[in-house]
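Participant:
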Amino acid sequence: MLGFVISRLLQAIVVVFAMSIIVFVGVYAIGNPIDVMIDPGATAEIRENLIRQYGLDQPLWRQYITFLANVAQGDLGRSMVYNTSVTGLVFSRLPATLELVLVAITIATVIGIPAGIYAGYRPNSVASKAIMALSILGFSVPTFWIGMLLIMAFAVELGWLPSGGRGDEGTIFGISTSLATANGWSHVILPAINLSLFKMGLMIRLARAGMVEAMQTDYVKFARAQGLPDRQIVFSHVLRNISIPIVTVFGLELGSTLAFAVVTESVFNWPGVGKLIIDSILQLDRPVMVTYLILVVILFVIINFTVDIVYARLDPRVRLGGSK
Amino acid sequence: MSAALDIQGLTTRFDTRGGSVTAVDNVSFSVDRGRIMGLVGESGSGKSVTGFSILGLIDEPGRVTDGRVMVEDTDLRSLSPDHLRSMRGRKVSMVFQDPMMTLNPVLRIGDQMAMAVRVHEPMSKTRALERARDALGTVGIPSPEERLAAYPHQLSGGMRQRVAIATALLHRPAVIIADEPTTALDVSIQGQILAEVRRLADETHTAIVWITHDLAVVSSLADDICVMYAGKIVERGTAEEVIGRPRHPYTRGLLDSVPGQHAPGSHLPQIPGSTPQLSHLPSGCPFRNRCPRATDVCATTPPLARFGDHTALCHHPMETT
Amino acid sequence: MSDVATTTGETLAEPAAAPIETRAMRLKNFWSDFRASKVAVAALVVIVTLLLLAFGAPLVAPQDPYDMAMLDWLDAFLRPGEVGTGGYVHVLGTDNAGRDMLSAIFYGLRTSFTIGLSAGALALVIGISVGLTAAYFGGRVESLLMRIIDLQLSMPAILLALVLVAVLGQGVIQIILALVVAQYAYFARTTHGAATVERGKDYIEAARATPLPTWRVLFKHLLPNVLPPLIVVATVQVAAAIALEATLSFLGVGLPLTEPSLGSLISNGFKYIHSDRYWLSIYPGIFLMITVVAINLVGDQVRTVLDPRHAR
């Protein structure tokens, strides 16, 4: 187990390193940020000074080395637009995104998995067909369009919920979050539903596929031959088995939901990192883009790593591997 | 002696794209307590479907369309689904072919068995585990206490099959359907399991239906034999009679193609052709286009030829040799 | 039951090059299976209709929304059904520049389809090449290529496309390129997966033993056998490309309004959702939704039909 963890850890470090180069080079190929930053009427001298100040006159490899050296000291640079530390900026936006993602994933799981299990257990029933149709809608209709419909229906027409922004923050367990206030919830619910639909469609399909497959296995037939009722077979035998792929995907999706929040945050004007990255792309705020992308890469690596460990914990064949 | 299992006219159909296919066609047989009945046939003959039909475990698109399945004095086919479920595992259970697949890989042996105990007899988990341990002991598993905490993959194939048999035996059912339970095992392990099963049948008076394609296995184990071909029972009798004096040309062909009884180097006889697809059966006798004795009359439904208790579904049964 | 499966499912091993009539029959069987779902057939009809409307846009649309000279500010924000200065009914109303929404949607559909189909086709070709190369050569080439692909697949396509568009700039070609880079990996993985299964089979070994050039073995023998799963991925990916383009345009990094795609139309309309001018965003959105859902429904049925376990 320890060897497994170490080899995974080494792999992860290599991936992060390689990705940081790709991200750095990729982002630095985008136009000259100075043109966006300064007043077009500024003199050539001011321009030159700024370029030198940001180190943009250096060759790319030198810029990367400087960047790495700064990162090693915990400094990811300053935002060219907000003129503050990028790390501070990103981390100040992170809680908003995290709470949105958390609520969305919870909605997707709590509704999606039982629905998928039911659809797999009775694949030919009308309810199952309706569930499957919904799942197709869920992940084929673009998120931004559903978000817009939600705003039109619940904010503009009915006026029940606010159309965007994050609500008042409160404190639970010492953590400042908008999930602590009713106003906060009224703001988070629409974007969270919006963000959850795609994942819900996915969870439904996953749970259904696992269920259909598991119901055909010999161990389920054997359990039936022992006279176990279907309900017990599903809860005691099947769920344990299909939870393995579901946990895997759940983990992976947590990461992609964070990234996917880009769209939902833009639609609902949610002040998270997703909105920040869109703004920084539109304004060519390089340090923010680099930081965000590297953050995402690290996040994905951590999630993959954790999923592998959880997977190993759940499946005795992996956990006890070699003890045969 | 009353029959533990008595089947009359059991018929199971599958609705496929090519129309309805009769996988089990008017099958009748009975097994007395403590007896072992070998149900022999090639793959595709409908022997496994017969097993599942007895337990009422046929999934869509198949369904049992006709017949009576008496276990002791209850007709399983007349029961409500829930009542039928309560009979499974308690009065009639089943053991499958592949021991690698029949146990849930992510649950401990003890938990799986305790679940099977408690579904029919409510009791504490501890007592259920004791029952499971005793059952494991009965089928000759060493240190059963430790096995309870093991996961299936930690046991060998033979051990797993013993666990499955022990699970099937938990409630001392009247009937066990064993669907090729030794096919996937090594020959030496197979011998041990066969001996164990014979002993269990004698000691517990359980009636066993032993489904197999292997006549050699069945001749050493079974008391009675039914030979199935294309969904029908084509020959039925005591093991001694069927093996010693086969009446149906198909049985003769099967017996002749068992290696080992012929002089080394001599040509091994075989049945020409292959198992017919159930959707494209010839009229009359389904075996006639592979049969050396076939004549024009075989295109009509064959009669049941009787030789005492020994019967064969054939126009031209073999003479006593 | 396993007995039945072995008998009815028993088919003779087919030769590598299937006879013509078998292929025709397989196509016929495919169609009869496909037809089993009324929803999928309806979706197919919808797709064909939308394609006709999109590529026949200059013929069916009342106005050319690209032609700024034809736009009149007096026509701005006409409600659906009102008659503008052109003297015809604006069935779906007009936008803030006086553009007829119906025409804009037809032209927008054309842009969306063009982008979706070309991105899908390019990604398919590149993906197949990469996947087959990896599967055929094996060893280091395979592990390196597949490592890159896995890494790329673990990132959401939207993020990748977003960064690429930011790098490449706005425009139809740029968007197509970004989508291809974001999507080829799905095809590559599918091809590779199917091809590795096929690779182990005897007929490939046999073909490799003959002095046929490598590419012939790859394209004549391996490719036809990995095609079914690719067809499914292709349908889904075309829908995904259309949705992705719309999303990018909505976020403001895709196409400008002078080249209307459904996404840029919705993006433009989104500015007015608080002012009761719903038709600017709702109608292009409905067309987008219908397009994407219809393609996915067809893809779903194709998947069901091609699934080897779908034995009925």
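Chains as they are written, first to last, in the UniProt record's numbering: chain A, 1 to 324; chain B, 1 to 321; chain C, 1 to 312.
Glycine is no exception: its CB is placed at the ideal position from the N, C-alpha and C atoms.
1. Just the Cα atoms here: how many angstroms apart are B:A23 and B:F287?
2. Pick from B:S86, B:M318, B:R293, B:V217: whose alpha carbon is nearest that of B:A195?
3. Who are the Cβ neighbours of C:A185 in its own chain at under 6 Å, not counting the five residues just before and after it?
4. Can you tell me whether A:S178 is buried or exposed? The criterion is at least 16 other CB atoms within 10 Å of its CB, across all chains shown.
5. Mind listing the chain C neighbours of A:I281? Cutoff is C-beta to C-beta under 8 Å, in chain order.
6. Exposed or buried, C:K38, counting other C-beta atoms within 10 Å across all chains shown (16 or more means buried)?
7. Can you tell me whether C:R312 is buried or exposed, with buried defined as 16 or more other CB within 10 angstroms of its CB?
8. By the 7 Å beta-carbon criterion, what residues does the stretch 278-300 of chain C contribute toward chain A?
9. Below 8 Å, can you find three or more Cβ-Cβ pairs linking the stretch 138-148 of chain A to the stretch 265-280 of chain C?
10. Nearest to B:R206 by CA position, among B:I193, B:I176, B:V187, is which residue?
11. Quick one, which of B:G140, B:R198, B:K125, B:H83 has its alpha-carbon nearest B:R35's?
12. Pick helix, strand or coil for A:M289, following the three-state DSSP scheme.
13. Looking at the secondary structure, which residues open and close the alpha helix (DSSP H) in which A:N70 lies?
14. I want to verify the contact list: residues of chain A whose CB lies under 9 Å from the CB of B:S124, in sequence order.
15. Quick one: list the residues of chain B neighbouring A:P245, beta-carbon separation under 8 Å, in chain order.
16. So, with DSSP's three-state summary, where would you put A:S85?
17. Using the three-state DSSP reduction, which class does C:T6 fall into: helix, strand or coil?
18. Look up B:A3 in the DSSP assignment and give the residues it is bridged to.
19. The alpha helix (DSSP H) spanning C:D150 covers which residue range?
20. Select from B:L10, B:G41, B:E72 the residue whose C-alpha is nearest the C-alpha of B:A3.
21. With 7 Å as the limit, tell me which residues of the stretch 107-118 of chain B have their beta carbon closer than that to any beta carbon of chain A; keep them in chain order.
22. Going along the chain, which residues of the stretch 142-159 of chain C sit with their C-beta nearer than 7 Å to a C-beta in chain A?
23. Going by CA-CA distance only, name the one from C:P62, C:A243, C:S275, C:I105 that's closest to C:T85.
24. Run through chain A and tell me which residues come within less than 7 Å of C:I273, C-beta to C-beta.
25. Determine the DSSP secondary structure at C:Y278, reduced to helix, strand or coil.
26. Give a yes or no on whether the minimum CB-CB distance between residue 406 of chain B and chain A is below 9 Å.
27. DSSP on B:Q8, reduced to helix/strand/coil?
28. Looking at the structure shown, is B:H310 part of a helix, part of a strand, or coil, going by DSSP?
29. Assuming B:I58 and B:T12 make a contact with CB atoms under 8 Å, what is their CB distance in whole Å?
30. Going by alpha carbons, who is nearest to B:E130 out of B:G9, B:V64, B:S80, B:L148?
31. How many angstroms separate the CA atom of C:P224 from the CA atom of A:F198?
32. Just mark A:T306 as buried or exposed, buried being the case when its beta carbon has 16 or more other beta carbons within 10 Å.
33. For A:G164, which residues in the same chain have their Cβ closer than 6 Å to its Cβ, ignoring the five residues on either side in sequence?
34. Report yes if the CB atom of A:L195 is closer than 9 Å to the CB atom of A:L100, and no otherwise.
35. Could you check the C-alpha separation between B:A305 and B:L313 for me, to the nearest Å?
36. Buried or exposed: where does C:T94 fall if 16 or more other Cβ atoms within 10 Å of its Cβ makes it buried?
Facilitator: According to the data block:
1. Near 15 Å, if we compare the C-alpha coordinates of B:F287 and B:A23.
2. Closest in C-alpha terms to B:A195, from the list B:S86, B:M318, B:R293, B:V217, comes B:V217.
3. Excluding its 5 nearest sequence neighbours in each direction, C:A185 has C-beta neighbours in its own chain below 6 Å: I149, Q152, L153, listed in chain order.
4. By the neighbour-count rule (16 or more Cβ atoms within 10 Å), A:S178 is buried.
5. Correct list: L162, V163, A166, V253.
6. The residue in question, C:K38, is exposed, as its Cβ has fewer than 16 Cβ neighbours within 10 Å.
7. Any reading at C:R312 must be qualified, since the residue scores a pLDDT of 40, below 50, and its modelled position is unreliable; the value itself is stated next. If you draw a 10 Å sphere on the C-beta of C:R312, you find fewer than 16 other C-beta atoms in it, and that means exposed.
8. If the cut-off is 7 Å between Cβ atoms, the stretch 278-300 of chain C has Y278, S281, G285, L288, M289, V292, V293, N296, L297, D300 near chain A.
9. Because the criterion of three Cβ pairs below 8 Å is met, the stretch 138-148 of chain A and the stretch 265-280 of chain C touch.
10. Reading off the sequence, residue 206 of chain B comes out as Thr, not Arg. Comparing alpha-carbon positions, the option among B:I193, B:I176, B:V187 lying closest to B:T206 turns out to be B:I176.
11. Nearest option by C-alpha distance: B:R198.
12. Of the three classes helix, strand and coil, the one that applies to A:M289 here is helix, per DSSP.
13. Its alpha helix (DSSP H) spans residues 60-72.
14. The contacting residues do not exist; B:S124 stays about 17 Å from chain A at best.
15. The premise fails here: A:P245 is roughly 12 Å from chain B at the closest Cβ pair, so nothing lies under 8 Å.
16. DSSP places A:S85 in strand when its eight states are reduced to three.
17. Unreliable positioning characterises C:T6 in this predicted model, as indicated by a pLDDT of 36, which lies under 50. The coordinate reading is nonetheless provided below. Looking at C:T6 - three-state DSSP - the assignment turns out to be helix.
18. Bridge partners of B:A3: B:D32.
19. C:D150 -> alpha helix (DSSP H) spans 139-154.
20. Looking at B:L10, B:G41, B:E72, the one whose alpha-carbon comes closest to that of B:A3 is B:E72.
21. If the cut-off is 7 Å between Cβ atoms, the stretch 107-118 of chain B has L107, M115, A116 near chain A.
22. For the stretch 142-159 of chain C, the beta-carbon criterion of a distance under 7 Å to any beta-carbon of chain A is satisfied by L151, S154, M155, P156, I158, L159.
23. Cα-wise, what sits closest to C:T85 is C:P62.
24. Correct list: M148, I151, M152, V156.
25. Coil.
26. Here chain B comprises residues numbered 1 to 321, so residue 406 of chain B is not present and cannot be evaluated.
27. Of the three classes helix, strand and coil, the one that applies to B:Q8 here is strand, per DSSP.
28. Strand at B:H310.
29. Contact flag correct, Cβ pair sits at about 6 Å.
30. Looking at the Cα atoms, B:L148 is the closest of the given residues.
31. For C:P224 and A:F198, the distance between alpha carbons rounds to 33 Å.
32. Classification for A:T306: exposed.
33. Around A:G164: F268, N269.
34. Their beta carbons are under 9 Å apart, which means A:L195 touches A:L100 by this criterion.
35. If you take the alpha carbons of B:A305 and B:L313, they lie about 6 Å apart.
36. Taking all protein chains in view, the Cβ of C:T94 is crowded by 16 or more other Cβ atoms within 10 Å, so the residue is classified as buried.
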